[in-house]
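Below is one structure, written out as structure tokens; the observations come after it.
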């Protein structure tokens with residue numbers, strides 16, 4: 035087997051959008067490091083995807099742990115891509131039925147979705163910037179926001195705040211890392227068929243799918259992976275947030 039020429043780190047890679055991306059990249063000949071929590075099943079996913087895929091236990095809320103995945107990827111091949119998919123999506127109203135929104139839940143959501151993305155980007159950017167350029171480019175960082183960043187529904191105050199922060203990081207990061215030949219993009223998914231959405235009642239999922247202009251269904255994880263692959267192979271895509279949502283516009287609730 036030919037040794038991979040490039041590697042990628044995917045946080046949250048054991049399931050959902052991250053797993054689909056790991057599957058796509060492995061099929062394209064990348065070395066891939068799946069970074070996810072203990073007990074996530076990441077080891078089994080890595081084993082199923084082949085010898086060029088590794089699993090590293092990572093909690094993105096720890097500022098030092100994403101670097102472990104970055105180092106593991108660099109040991110396989112030069113790091114060219116980081117995809118930030120680790121995230122949580124709790125639902126809680128500011129003024130709940132029994133008590134106000136839990137402050138710890140709000141802080142936890144920001145810690146995983148926003149600060150965890152920052153920790154990952156920080157570690158990955160340092161490694162990618164140290165590689166030799168290919169065609170003038172060293173690599174790409176893809177972050178994951180959500181349409182809730184701009185169209186958050188009731189009960190999404192923590193989630194929307196965290197994803198709005200991810201979107202807001204996109205331009206300043208791209209501007210800074212341009213001097214190193216590193217592009218920064220953000221994908222803003224709509225409602226997708228993932229473990230996060232599986233917690234919704236089936237009737238709610240069907241209703242949301244029906245609200246999508248076309249195609250009238252929830253998004254598939256492989257469609258997210260397709261967009262990551264498109265971003266990687268399109269050097270002129272930089273500093274942008276791309277909605278991937280079938281044209282849906284969310285109602286307040």
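Residue numbers (our numbering): 35 to 287.
Ideal Cβ positions, reconstructed from N, Cα and C, are used throughout, including at glycine.
Here the structure is a predicted model, which is why all the values come from computation and not from measurement.
The C-alpha of residue 38 lies about 11 Å from the C-alpha of residue 107. Judged by DSSP in its simplified three-state form, residue 57 adopts helix. A Cβ-Cβ distance of about 18 Å is found for the pair residue 205 and residue 158, leaving them out of contact under the 8 Å criterion. A contact is defined here as three or more CB-CB pairs under 8 Å, and the stretch 235 to 252 fails this definition with respect to the stretch 193 to 210. Scanning its chain for C-beta atoms nearer than 6 Å, with the 5 sequence neighbours on each side dropped, one finds around residue 75 the residues 48, in chain order. Cα atoms of residue 146 and residue 259: separation of roughly 21 Å, rounded to the nearest angstrom. Minimum Cα-Cα distance from residue 227 among the listed residues 102, 265, 154 and 278 corresponds to 278. In the same chain as residue 46, and ignoring 5 residues on each side of it, the C-beta atoms closer than 7 Å to its own belong to 52, 70, 119, 120 and 121, in chain order. Residue burial is scored here from C-beta neighbours: residue 169 has fewer than 16 other C-beta atoms within 10 angstroms and is therefore classed as exposed. The Cβ-Cβ distance between residue 114 and residue 40 falls below 8 Å. Within its own chain, the residues whose Cβ lies closer than 8 Å to the Cβ of residue 261, once the five positions on either side in sequence are excluded, are 221, 276 and 278, listed in chain order. DSSP places residue 83 inside the alpha helix (DSSP H), whose first and last residues are 76 to 83. Between residue 130 and residue 255, the C-beta gap is not smaller than 8 Å, which leaves the two residues out of contact. Ranking 81, 223 and 124 by CA distance to the CA of residue 185 puts 223 first. In the structure shown, residue 246 falls within a coil segment according to DSSP collapsed to helix, strand and coil.
A straight-line Cα-Cα distance of about 36 Å links residue 72 and residue 244.
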